[in-house]
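Data block below; observations after.
Number of protein chains: 2
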Amino acid sequence: MDVRTVLLDFRVESEILDNLCQTGSKINEQLKGALSSVGLGDNMQVHSSGEQFFICSFGHARSAMFSGHRPDLVTLTFQYDRKAKPSPTNENLPVLEEGSMEALKEELKKVFNPKKCKLFPEISRGAAVDRYIPTADRRLVEYDFDAATFEADSEYQNVKIMHSPQYGNMLILDDDPNLAESDLAYTQAITGNGRESYTGKEVLILGGGDGGILHEVLKENPKSIIMVEIDKVVIDAAVKHLRGICYDSMDSLTGDNYEVKVADCIPIMQQYIADGKMFDYIINDLTAIPITTEPRGSQWDFLHLILDLSMQLLKPTGKYFTQGNGFNNKSALAMYEEQLGKLKYKVSFSKENICVPSYLEMWVFYEIWKEADT
Amino acid sequence: MDVRTVLLDFRVESEILDNLCQTGSKINEQLKGALSSVGLGDNMQVHSSGEQFFICSFGHARSAMFSGHRPDLVTLTFQYDRKAKPSPTNENLPVLEEGSMEALKEELKKVFNPKKCKLFPEISRGAAVDRYIPTADRRLVEYDFDAATFEADSEYQNVKIMHSPQYGNMLILDDDPNLAESDLAYTQAITGNGRESYTGKEVLILGGGDGGILHEVLKENPKSIIMVEIDKVVIDAAVKHLRGICYDSMDSLTGDNYEVKVADCIPIMQQYIADGKMFDYIINDLTAIPITTEPRGSQWDFLHLILDLSMQLLKPTGKYFTQGNGFNNKSALAMYEEQLGKLKYKVSFSKENICVPSYLEMWVFYEIWKEADT
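First to last, the protein sequences are chains A and B.
Letter 242 of the first sequence, counting from 1, is numbered 242 in UniProt numbering, and no numbers are missing.
Letter 234 of the second sequence, counting from 1, is numbered 234 in UniProt numbering, and no numbers are missing.
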C-alpha cells in the first residue's frame, strides 16, 4: 500500500467559479471526461449552491474532490493507491504512473482555462517508510528516506534510525530529528565552532548518545570526559548504525581519558557538586528548548534544574554549550533567554544560527558563561 | 483566502475497515458526531462496497473525505478556508484555529481506536504567499516565506524574490530556487571552497546575476573579472533586494578590475576565442544540469556549447567551476559526467556535495580542468 494524495490548484476566472456553483452545468460534463483519464467520473456527487460547490467522484480505491473558493481558486484533491493491482472487475482501469498527474493537469486546464495552476509533489500516506517529519516550526517537509534502518521502543523513548541517500543514517527520537551522519555542523556548533581548545580540559557531556560530541572532543586530547547518557538503546544503535557520527568512540564505554556512564545525569551531577568536582566545559546535548506558551511545566523544570546544577559544576572560567531550538521558534528562544536571567548564578550568553544539513531549518546554539562577580 | 488542506491518517484494526465498508454502520453515526466539531456531518455521502469505502461531507466552504485502504489505513482529507468569515446563515459554525485539528484527531481516535495516527502540518493552498517549491528531486517542502518581496516577468524568465525569516531574501527564477542571503556556501563552493587564489588572475563569470560570485572574487583582488549576465532585471532586483549576496559589487557595473556585461554570453565567448583571449578561471553560474532522461534537447545543446567554448577559453593551467544538480538526481549527474568525456578537449573533474542552507537538499558542484596532453 502506498496511498498518494495529489493536490492540484487552479486560479480561474470568476465566471468559471459561478458556472461550477450551478448544478448540472456543462463544466461538470467536461470534468467527467477529464476524470475518465484517471479511472473516475462515473459517479459524480455534486453539492452546490450559489456561493459554493463541491464535486466528488469515487471508485476503484481512487477518489477525486473538487472544491471552489472565492474569489478565484478551484482545488482538486485526488487520491489513489500506487501499489493497488487492477482486479478482475476493474481490469480496464487506467494505470497511474509518472506523468499521469501532469496529463490530468493538462486535461483540466482545458476545462478551467486557468490563469495559473499548481501541481504539488505527491504526498505518500501509509507507506512502509514515512518520509514526513515536520520542522520545529511545524512546516511540512518530505525527507528522501528510502529505508527504516532501526526501530525500538526503549524504556525512555521511541528510537528510530532512517536512511537518507543524501544525509546518511539519521537518528530520530520520539519522531524528532536528532542527528544524521551529514551533520558535523551540529557537533561543531555545540562544541564552540572551533573557538575552544579542549586539550587538557575536564569535560562533562550531558546526553549525547549518538557519540558525535564524544568523538570530536576526544580528538583534542582532553584531560577527561564524563558523558552521561540515560538510554543504552541509543548508544547501541549509534555504535551499529551511526558510525559516521560516533566512529569508534563508543566501541568501549571507558578509556584512558573518558567514561560513558549509562545513567540519569541528575543524581550524578548532584554527587559531583557534593564532592566539589568542577568542569571546564559542560555540553548539554539532552534536548531542545521546549516549545510552550509559558516557561512552565515539567520540561521547563527539568531545563532549569540542569542549568542550575551545571552552573554549580562550572569552573569560573568554564563554558556551557547547548542547542536552543529552530530559528523560527522565537518565543521559545526568548523564554529561554529570559530564564537565563533568573538562575542562581549571574550568567552571560551568546548565540549563533547554524545550518544543520538534515534539519531543513536553521538552528540556534547557545554559549553560556558565569559572570565574574557571582 | 487561505485554504488549508489537513491530512490525518489512522492505522486501524481490520474490523474497523470492514465495518466502514458496510453502509449505515454505527461508525458512520460516530463520524457524524466527530465532524460536527468542525461544522460538518449534516450531509454525509457514503459510497461503500465490501472492498472499499469513501465518506464525504460538505458545507460552509469546508469538506471532509474519509477513504479506506486495505489492509489498515483510513485517511481523512479535510479542507477549510482559514480566512473565511462566518456568514449570517452559518453564524454558529465552529471557528477553526490552532489546535482544532488536534482536537478533531482526538475525537476521531475514539471512533477508529487506531494503532497509530498521524496529523500532517496543514497545507496552504491559494494564499497570497505560496510557500511550496519542490526540491530538485521533487520532494514537497514548505518554506517559511512571509512576504513576496519582488516579482516581474523579464524578457527571459519569471524573476521572484521571496522573504524568508531564516534565509533572508531568496531569488527564485522560473519557480526554481536560485540563491538566498543565507547561502554563502553556494558561492564558496562554485569558487573552489577556498582552495584557489584569485589574486592577480583573469576571471570569467557566466551568469551570476545575483552578484554573489562577483562580490566574493573581488575581495581577492583579481587582475580582471568579466561577468556576463543576460538579464538586467535580475541584476537590478539583486542590487535592491539581495544586498546580503551582492553587497555593493553591482552598484556600478564597471570598476578598475571588473566589468559586468548585460548580454548573451555566447557571442562574447566566441569573440574572445577569435581574439585569442584566455582566462585563469571560468565560473559557470548559468543553470543547473538539466533533468532529462536522455542527454539531448536544447538545454543539453546549450550546456555542451558553453562547455566547449569555455574549454577553448581556459588557460592550460585554468579551472572551470560549475554547479551540478541535487545529490539525488543521480542520473542527471551521471549523464553530465558522461558528456564531459565527449568534449573536444580531454578534461578531468572532481566534485563535492555541499549543503546550501535554503535548498533543503544537498547540492553537487564540479571543478573541471584540461588534461595536459590536449
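We treat Cβ as the ideally placed atom computed from N, Cα and C, and that holds for glycine.
Exercise. Report the rounded CA-to-CA distance for A/Lys83 versus A/Ser49, giving the unit in angstroms.
Key: 37 Å
Quiz item: Hey, would you say the C-beta of A/Ala152 is under 7 Å away from at least one heavy atom of the ligand SAH?
Solution: With respect to small molecules bound, the structure shown includes none, and the ligand SAH cannot be examined in it.
Quiz item: How about B/Leu309: is its C-beta nearer than 8 Å to some C-beta of chain A?
Solution: no
Self-check item: alpha helix (DSSP H) segment containing A/Ile16, residue limits
Solution: 14-20
Self-check item: Beta-carbon separation (whole angstroms), A/Arg70 vs A/Leu17, contact threshold 8 Å
Solution: 7 Å
Quiz item: Counting only beta-carbon atoms, is B/Thr5 nearer than 8 Å to chain A?
Solution: yes
Exercise. Compare the Cα-Cα distances from A/Ser197 to each of A/Lys223, A/Leu7, A/Leu173 and report the closest residue.
Key: A/Lys223
Practice problem: Measure the alpha-carbon distance for B/Ala127 versus A/Val12 and round it to whole angstroms. | Solution: 14 Å
Practice problem: Measure from the C-beta of A/His304 to each C-beta in chain B and report whether the shortest distance is under 8 Å. | Solution: no
Quiz prompt | Closer than 9 Å at the beta carbon, the chain A residues around B/Asn92 | solution = Residues of chain A passing the Cβ test: none, with the nearest at roughly 17 Å.
Quiz item: When DSSP builds the beta bridges, which residues end up paired with B/Ser124?
Solution: B/Arg4
Quiz item: What are the complete beta strand (DSSP E) segments, minimum 3 residues, inside the region 92-162 of chain B?
Solution: 116-119, 123-125, 147-153
Quiz item: Does B/Glu361 come within less than 8 Å of chain A when only Cβ atoms are used?
Solution: yes
Quiz item: Quick one: what's B/Trp369 bridged to in DSSP?
Solution: B/Ser348
Self-check item: Under the three-state DSSP convention, the category B/Pro88 falls into
Solution: helix
Quiz item: With 16 as the cutoff for other CB atoms within 10 Å, does B/Thr293 come out buried or exposed?
Solution: exposed
Exercise. For B/Leu360, count neighbouring C-beta atoms within 10 Å of its own C-beta (all shown protein chains included) and say buried if the count is 16 or more, exposed if not.
Key: buried
Practice problem: Spell out whether any CB of chain A is found under 8 Å from the CB atom of B/Phe112. | Solution: no
Quiz item: What residues from the region 140-160 of chain A come within 9 Å of chain B, judged by C-beta to C-beta, listed N to C?
Solution: Leu140, Val141, Glu142, Tyr143, Asp144
Quiz item: Closest Cβ-Cβ distance between B/His47 and chain A: below 8 Å?
Solution: yes
Exercise. Check whether the Cβ of B/Phe54 lies closer than 8 Å to any Cβ atom in chain A.
Key: yes
Quiz item: Alpha carbon to alpha carbon, how far is B/Asn90 from B/His60?
Solution: 7 Å
Quiz item: What did DSSP end up calling A/Phe327 once you bin it into helix, strand or coil?
Solution: coil
Self-check item: B/Gln166 in three-state terms, based on DSSP
Solution: coil
Quiz prompt | chain B within 8 Å of A/Tyr336, Cβ atoms only | solution = no
Quiz item: With respect to the alpha helix (DSSP H) encompassing A/Asp308, which residues constitute its N-terminal and C-terminal limits?
Solution: 298-313
Quiz item: If you check the beta carbons only, do A/Leu140 and B/Leu140 fall under 8 Å apart?
Solution: yes
Self-check item: Proximal chain B residues relative to A/Asn43, where beta-carbon distance stays under 8 Å
Solution: His47
Exercise. Classify B/Arg4 as buried or exposed, calling it buried when 16 or more other Cβ atoms lie within 10 Å of its own Cβ.
Key: buried
Practice problem: Show which residues of chain B have a CB atom less than 7 Å away from the CB atom of A/Ile123. | Solution: Leu7, Leu140
Quiz item: So what does A/Met65 bridge to, in DSSP terms?
Solution: A/Cys56, A/Thr77
Practice problem: Please look up how many angstroms separate the CB atoms of B/Leu340 and B/Phe349, rounded, as I've assumed it's under 8 Å. | Solution: 6 Å
Quiz item: Hey, out of A/Phe145, A/Gly207, A/Thr287, whose CA is closest to A/Val260's CA?
Solution: A/Gly207
Quiz item: Shorter than 8 Å from the beta carbon of B/Thr292 to some beta carbon of chain A?
Solution: no
Practice problem: May I ask which residues mark the beginning and end of the beta strand (DSSP E) holding A/Asp236? | Solution: Taken as a continuous stretch (DSSP letters only), A/Asp236 belongs to no beta strand (DSSP E), being part of the alpha helix (DSSP H) at 232-241.
Quiz item: Does DSSP put A/Lys26 in a helix, in a strand, or in coil?
Solution: helix
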